[in-house]
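To get the numbering used here, take the position in the sequence shown, counting from 1, and add 180. The C-beta atom is built at its ideal place from N, Cα and C for all residues, glycine as well.
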Amino acid sequence: MCGFISIYGPSNSDAIHDALSGLLAIQHRGQDAAGAVTFKDRFQAKKGLGLVREVFQDKHLHRLRGHLVVAHVRYPTVGLGEDTDVQPFWLDYPVGTAMAHNGNVTNFHELKRTYFGQRNIHLGSNCDLEVVLYVFADALMRRLADPITVDDVKAAVKEVFDRVKGAYSVVGITSEGMYAFRDPYGIKPCIFGKKVTPEGTWYAVASESVVLDVAGYTIVRDLNAGEMLWIGKDRVPHILQVGNKPHRPCIFEYVYFARPDTFLDGTSVYEARMELGRRLGRAFLATKLQADVVIPVPESARTAGQTMADEIGLPCREGFVKNRYVGRTFIMPNDKARQATIRAKLNPIRAEFEGKRVIILDDSIVRGNTSRQMVKIARQMGAAKVYLASYSPPLMFPCLYGIDMSTKREFVARGRTHEEIAKELGADFVLYQTIEQMEDAVRTAGNKKLEFCKACFMGTYPTGDITEQMISDIEQDRLAASNN
Ligand code: SF4
């Protein structure tokens, strides 16, 4: 999971300021590294490991001039989290272009062995964006014209779609303009916006609509699956359909990744989470269990916690206080780091547990480390019963499209009944949302026609081209990263 923003501002503007406020708005999508590349006469870059505010200081802004910028926050999905893998990447030759992406190239290793191996090209990083950049630049170079036309960009995007498998939303700049494209299945989000100022019109493409909001842009629209955008020297946006696969956006964006104030493909993430909570409330009522309070795990479960509690007729209370200055455990690069931070991150309020039958609600249960600790803390605080609830279904399969949830072996729900999961996590009962209710909840909140990627719940990958070799390559990468 990563986040990006790309901006094409009026001539003589400096787009870096909007880019940085946008990056801060999507810091939740990656806390491992941040970077930006601007263009004014030449590419200028600043990249580094750490949070946006740690990587960028005032002194860098004087250098990052120009009306074109591409910027990124990273969580490593392929690669070892080294500084050589920090995005954006850029090339000065054969075509000058800078690029960033969100997603995962599933045939990254295969492309390294074949496409790049046969050309004797050695990649400078372990980041899968590099293969997208080379394939795109190579195809663009073969058609190179002055100025670059929308057909040139379309041909380059088509070549990427033909060669590069997986899920990827991409943004980039050249000396002449800005481009963006969304993978053929549209698994990763990508939204286009603009703002009109006395200086002229600014265009932006970002991972989430909230990025556009905070930087003062209005939404034009989401890019659809397989669509591309090019804005060249004439400053006219061209949106073209390049791929022709069915749209399968990631449903987990609504469950967890995206900010609640974001809209994705016409659906409010906040409304979706409220609906998810309502449905789980109804499911709890059907169990006939008795509870006294719903305690959502901050921050992600708060929205669903309120509606779940309303539905059951219980209070929703803050039983855990989150230390905001400890990173998100889900996107910590390895298990050791995750375990050490859980307790430091969530501290209980005894009065909300003592003598009560509590429902602890989380967005999902992956490895179970956080859940197990929360159950333990709840019992230490004197809870009479501890029910664990997840407003998404059991996660059982690895995401190969850019989310480092786990390798197959690590899912606590894999190969276990709900009773066994409850026992494993020390809870009195575990309640999951069903897949049907999850889908229906998200559709009810907005776009009724959406069909989703649900591979991490069902094991059916929408791109249909996942091989055992790809799974093994990705799992090896993740194991290497977690041992790093
Ligand atoms: S496998 Fe799960 S997390 Fe990955 S893209 Fe699909 S729905 Fe999203």
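Sub-7 Å separation of residue i and residue j beta-carbons
i: residue 384; j: residue 583; result: no
i: residue 456; j: residue 213; result: no
i: residue 473; j: residue 495; result: yes
i: residue 182; j: residue 210; result: yes
i: residue 365; j: residue 642; result: yes
i: residue 497; j: residue 522; result: no
i: residue 555; j: residue 626; result: no
i: residue 404; j: residue 345; result: no
i: residue 575; j: residue 551; result: no
i: residue 249; j: residue 218; result: yes
i: residue 558; j: residue 536; result: no
i: residue 269; j: residue 313; result: yes
i: residue 340; j: residue 316; result: yes
i: residue 253; j: residue 204; result: no
i: residue 469; j: residue 502; result: no
i: residue 152; j: residue 360; result: Shown here, the chain extends from 181 to 664; a query on residue 152 therefore has no answer.
i: residue 379; j: residue 193; result: yes
i: residue 399; j: residue 407; result: no
i: residue 632; j: residue 431; result: yes
i: residue 422; j: residue 338; result: yes
i: residue 281; j: residue 394; result: no
i: residue 267; j: residue 304; result: no
i: residue 348; j: residue 331; result: no
Residue i: CB within 6 Å of a non-hydrogen atom of the ligand SF4
i: residue 635; result: yes
i: residue 255; result: no
i: residue 591; result: no
i: residue 533; result: no
i: residue 430; result: yes
i: residue 353; result: no
i: residue 579; result: yes
i: residue 545; result: no
i: residue 367; result: yes
i: residue 651; result: no
i: residue 557; result: no
i: residue 583; result: yes
Assigned secondary structure, residue i (DSSP; H/G/I helix, E/B strand, else coil)
i: residue 321; result: helix
i: residue 636; result: helix
i: residue 557; result: helix
i: residue 299; result: coil
i: residue 444; result: strand
i: residue 267; result: coil
i: residue 585; result: coil
i: residue 219; result: strand
i: residue 241; result: helix
i: residue 407; result: strand
i: residue 644; result: coil
i: residue 437; result: helix
i: residue 287; result: coil
i: residue 383; result: strand
i: residue 349; result: strand
i: residue 494; result: coil
i: residue 570; result: strand
i: residue 121; result: Shown here, the chain extends from 181 to 664; a query on residue 121 therefore has no answer.
i: residue 461; result: helix
i: residue 504; result: coil
i: residue 281; result: strand
i: residue 609; result: strand
i: residue 576; result: coil
i: residue 309; result: helix
query = Is the stretch 386-398 touching the stretch 364-375 in the sense that three or more CB pairs, one from each, lie closer than 8 Å?
reply = Contact check between the stretch 364-375 and the stretch 386-398: three or more CB pairs, one atom from each, fall below 8 Å, which counts as touching.
ask   = Are there three or more Cβ pairs, one per stretch, closer than 8 Å when the stretch 240-247 is compared with the stretch 188-202?
value = Contact holds between the stretch 240-247 and the stretch 188-202, because three or more Cβ pairs, one in each stretch, are under 8 Å apart.
task = Could you tell me whether the stretch 560-576 touches the stretch 529-541, using the rule of 3 or more Cβ pairs below 8 Å?
result = The stretch 560-576 is in contact with the stretch 529-541.
inquiry  = For the structure I just gave you, are there three or more beta carbon pairs, one from the stretch 449-468 and one from the stretch 609-624, closer than 8 Å?
reply    = The answer is yes - the stretch 609-624 touches the stretch 449-468, with three or more Cβ pairs under 8 Å.
query = Is the stretch 482-494 close to the stretch 586-605, with three or more CB pairs under 8 Å?
reply = Not touching, per the Cβ criterion.
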